[in-house]
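Working notes, structure below.
2 protein chains.
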Amino acid sequence: MSDLLERLRGRGWRMTAQRRVVAEVLDGDHVHLTADEVHARAVEKLPEISRATVYNTLGELVSLGEVLEVSTDRRAKRYDPNAHRPHQHLVCARCGAIRDVHPVGNPLADLPDTERFGFTISDVEVTYRGTCPNCAAG
Amino acid sequence: MSDLLERLRGRGWRMTAQRRVVAEVLDGDHVHLTADEVHARAVEKLPEISRATVYNTLGELVSLGEVLEVSTDRRAKRYDPNAHRPHQHLVCARCGAIRDVHPVGNPLADLPDTERFGFTISDVEVTYRGTCPNCAAG
DNA sequence: TCCTTGACTTGGACAAAGTCCATTGTAGGA
DNA sequence: TCCTACAATGGACTTTGTCCAAGTCAAGGA
């Protein structure tokens, strides 16, 4: 993650305590926090940080391509620091757990020309839904 | 669509003017209206219909499997009366136009066992994003 | 080290989408 | 026709997120 901080500094980001804390919260694998969750964890490290700043910072990280926005349900957006390797998402319909997954092949190849209606397609998003082992056991 | 009304009556739905109007609005191919759009069109036919009733009715149609909820963007949910043939969605990133599309093959086959983390997968949702011919020309 | 400046942060107001609930109305059966 | 359970209504409320004016501060220069 200090990698990230370095890259951001290199891009002319002004380094503030708030931005550092948000970047630290978004560290790890299979991390998919909502903005409010990021805020809650940031507050533990920096009690005065405001919601607006968390939203601003997340938005900047997304524009810079350092974090991905994920919408696996129609509730809050989630922020995924795994922006460096393309992947899709597997979601537990019961508990909401999210895993990054890597399907083989190119999903775009499955859409025939006759089904493209003249669109220029630039991106495919796949969400697998099911029940995670935990919920299946419970 | 009178098919739909018949089916609903058969399932013990109490038929009201409001429900009939909502069902009528949701008729056709490539229809992907938001709840507010459904309400706006319903009001033209039945001026006193309330927003809450539109939400209730849409929710019921979804539970009954007669209409699908689609979340192609982070804004309002859209309601898709094409619930009888499985399909995916193609979305214009510029203007938001949505088309139903039918990819070949089973997208589930592309996810190796090692990438399933013990989940039992029941559903795959694919969203293709790009630029529609109209927006590309403009 | 201290100043300056423009970028950053803050809190609160605001907005969009949707839910909830008490009250009122009505479809459909007896 | 009358009853009654189910449905509709509208307004308050919630969640998620955006916007803004005012205050604060990081970082480069003197």
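Chains A and B are the protein sequences, given in the same order. Every position in the first sequence, counted from 1, becomes a number in my numbering once 788 is added. Every position in the second sequence, counted from 1, becomes a number in my numbering once 788 is added. In this text, a Cβ means the ideal position worked out from N, Cα and C, and glycines have one as well.
Less than 8 Å between C-beta atoms, sequence neighbours within five positions excluded: which residues of the same chain meet that for R866(A)? H820, L821, T822, E857, V858, S859, T860, I886
List, in chain order, every chain B residue whose beta-carbon is nearer than 7 Å to that of Y916(A). L899, I909, V912
Can you tell me where the beta strand (DSSP E) with L856(B) in it begins and where it stops? 856 to 858
Any chain A beta carbon closer than 7 Å to E903(B): Yes - at least one Cβ of chain A is within 7 Å of the one on E903(B).
R731(B) versus chain A: which residues are under 9 Å apart at the beta carbon? Since the first and last residues shown for chain B are 789 and 926, residue 731(B) lies out of range.
Is the stretch 804 to 812 of chain B touching the stretch 901 to 916 of chain A in the sense that three or more CB pairs, one from each, lie closer than 8 Å? no
Taking 7 Å as the cut-off, decide whether the C-beta atoms of V826(A) and Q876(A) are in contact. no
R887(B) touches chain A at which residues, Cβ-Cβ below 7 Å? F905
Give the DSSP-derived three-state secondary structure of D817(A) in the structure shown. D817(A): coil per DSSP, three-state reduction.
For the alpha helix (DSSP H) that contains S910(A), what are its first and last residues? Where S910(A) is concerned, there is no enclosing alpha helix (DSSP H), although the beta strand (DSSP E) it sits in stretches over 908 to 919.
CB contact check: C883(A) to chain B, cutoff 7 Å: no
Can you give the beta carbon distance from D868(B) to V855(B), rounded, assuming they're within the 8 Å contact cut? Indeed, because the Cβ distance is near 7 Å, the residues count as touching under 8 Å.
DSSP beta-bridge partners for T841(B)? The partner list for T841(B) (beta bridge, DSSP) is empty, contrary to what the question assumes.
Comparing alpha-carbon positions, which option in D791(B), W801(B), D817(B) lies nearest S851(B)? W801(B)
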